[in-house]
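Just so you know, we're using our numbering here: the sequence shown kicks off at 3 and counts up by one.
No residue lacks a Cβ here, since even glycine has one placed at the ideal position from N, Cα and C.
Just so we're clear, the structure is a prediction, and the values are computed from it rather than from any experiment.
A quick write-up on the structure given underneath.
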Amino acid sequence: MSQKRPHILLISNSGQVGWELQRTLAPLGEVVATGRNRGAKLVVDLARPDSLVQAFNEVRPTLVVNAAAYTAVDKAESEPDLAEVVNAVAPGIIGELATRQGAAVIHYSTDYVFDGALDCPYREDDKTNPAGVYGRTKLQGEQALLDSAADALIFRTAWVYGQHGENFLKTMQRLFAERDELRVVDDQVGSPTWSRMIAEATAQIAAQLKMNTARFGEKRGIYHLTAAGQTSWFGFAQAILKNSESDCRLLPIPGTEYPTPAVRPAWSVLDNRKLNDTFGLALPDWCGSLQQCMAEG
Ligand SMILES: NC(=O)c1ccc[n+]([C@@H]2O[C@H](COP(=O)([O-])OP(=O)(O)OC[C@H]3O[C@@H](n4cnc5c(N)ncnc54)[C@H](OP(=O)(O)O)[C@@H]3O)[C@@H](O)[C@H]2O)c1
3 MSQKRPHILL ISNSGQVGWE LQRTLAPLGE VVATGRNRGA KLVVDLARPD SLVQAFNEVR
63 PTLVVNAAAY TAVDKAESEP DLAEVVNAVA PGIIGELATR QGAAVIHYST DYVFDGALDC
123 PYREDDKTNP AGVYGRTKLQ GEQALLDSAA DALIFRTAWV YGQHGENFLK TMQRLFAERD
183 ELRVVDDQVG SPTWSRMIAE ATAQIAAQLK MNTARFGEKR GIYHLTAAGQ TSWFGFAQAI
243 LKNSESDCRL LPIPGTEYPT PAVRPAWSVL DNRKLNDTFG LALPDWCGSL QQCMAEG
């Protein structure tokens, strides 16, 4: 008798990570991806809980992977209510629905839950203190999901880029073509992480746990999941320039010379040891991944 393939509910495949997850999750089960627009096969708008209920009832998932979020860090400062519904409230609803149906959950969070005051890489249980609406709502979402008692893994990642979607790499490539000189912030440090690496690690972990909800339950909690190494936005831009054919000149500036609506942490490097100890996984260095990503572009 043939075994039924598990159903995987992928909440949104249009973002950077969601796009990559479609491919990496496919060997593990039947991936049903949702979209926000009417044209989507299955519509989920995280601001509409009824759409989540409907999606769960339709798919009856073994695993739910939530790749959707309100990610506009600056815009969130002027749209806190929407950011809260999507980032803080929806993960709790996903957790409750998953618990009711016996499904495991994978969810993503951010380095921006920290204020950047530490001077060494952040561990999962270090004190959080988000500086802006985005970080605060993402932190609330982590808590809501854990409060739901779902068998959930939360991966905090950072500085995500890739060939698909809007991100720093794409912005720099566009500006290198338009400008002779570019000023880039040099006093905020983090770990640029390729969306594909996040998606591949996610699938490897789900495979290790054999798509089994109880096994997810044994490992439930928060994990840091970023590329190895660290750099500033300026260093990131320099590495992009090195792999580009452009004569653009880069100038390092302090964050105070590039004011944005949201305050960003000066230091948000995450310590990935828990991920490594638990799943034997470590993402490669950010610089090599960037080269690989750009070579494919
Ligand atoms: N980007 C980063 O630098 C970064 C850093 C740290 C952590 N993270 C976290 O990593 C995860 C993935 O981020 P990403 O970079 O892949 O995001 P992204 O490229 O900005 O994509 C966001 C996704 O969320 C969807 N979405 C937004 N509002 C929605 C709503 N109300 N209902 C349903 N879907 C909605 C978008 O759909 P549409 O295409 O329809 O808008 C899109 O698919 C998120 O949890 C994010 O917080 C990201």
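Going by DSSP, name the residue or residues bridged to residue i.
i	result
W269	V191
G37	V45
A308	Beyond the ends of the chain as shown, which are 3 and 299, falls residue 308; an answer cannot be given.
L13	For the record, residue 13 in the displayed sequence is Ile; it is not Leu. DSSP lists N68 as partners of I13.
Y124	L272
Y114	Paired residues: none, contrary to the question.
V186	P254
W161	Beta-bridge pairing links W161 to no other residue.
W196	Y163
E32	H9
D307	Here the chain covers residues 3 to 299 and nothing more, so residue 307 does not appear.
Here's a check: name, in chain order, each residue in its chain whose Cβ is nearer than 7 Å to the Cβ of residue i, leaving out the five neighbours to either side.
i	result
D273	P123, Y124, R125 and H226
A42	T36
A105	P63, T64, L65, V66 and T215
A284	A230, N274 and N278
G192	D113, A160, W161, Q232, S270 and V271
From residue i to residue j, what does the alpha carbon distance come to, in whole angstroms?
i	j	result
K129	Q294	34 Å
N169	I156	22 Å
P29	A209	9 Å
T64	Y260	45 Å
G219	A154	7 Å
N39	V45	6 Å
K212	G31	11 Å
W196	L171	10 Å
M3	A205	Because M3 carries a pLDDT of 47, less than 50, the predicted location of this residue cannot be relied on, and no value is offered for it.
T159	D113	6 Å
A297	D149	42 Å
V33	I200	17 Å
S234	G118	13 Å
F116	F236	21 Å
L27	E60	19 Å
Cα-Cα, which of the options is closest to residue i?
i	options	result
K140	I95, A71 and L285	A71
P8	P254, N245, R198 and N214	N214
V271	T280, W161, A146 and G143	W161
D279	I207, R266, W288 and E247	I207
S53	L11, E183, G17 and L292	L11
V180	I242, C250 and L292	Correcting the residue identity first, residue 180 is Glu in this sequence and not Val. Cα-wise, what sits closest to E180 is C250.
D182	S150, A205, L253 and I224	L253
R50	K77, T26, V91 and C289	V91
D189	M174, T262, T258 and Q142	T258
S16	T173, G167 and S246	G167
For residue i, collect the residues of the same chain with a Cβ closer than 8 Å to its Cβ; drop the 5 residues on either side in sequence, then sort them by chain order.
i	result
Q103	F58, R62 and P63
L265	According to the sequence provided, residue 265 is Val. The question's Leu does not apply to it. Once the five neighbours on either side are set aside, the close Cβ partners of V265 are A133 and G134.
Leaving out five residues before and five after residue i in sequence, what residues of the same chain have Cβ atoms less than 6 Å from its Cβ?
i	result
G20	S14 and A69
Every unbroken beta strand (DSSP E) inside the stretch 221-264 [3 residues or more]
Whole beta strand (DSSP E) segments, 3+ residues: 223-226 and 251-255.
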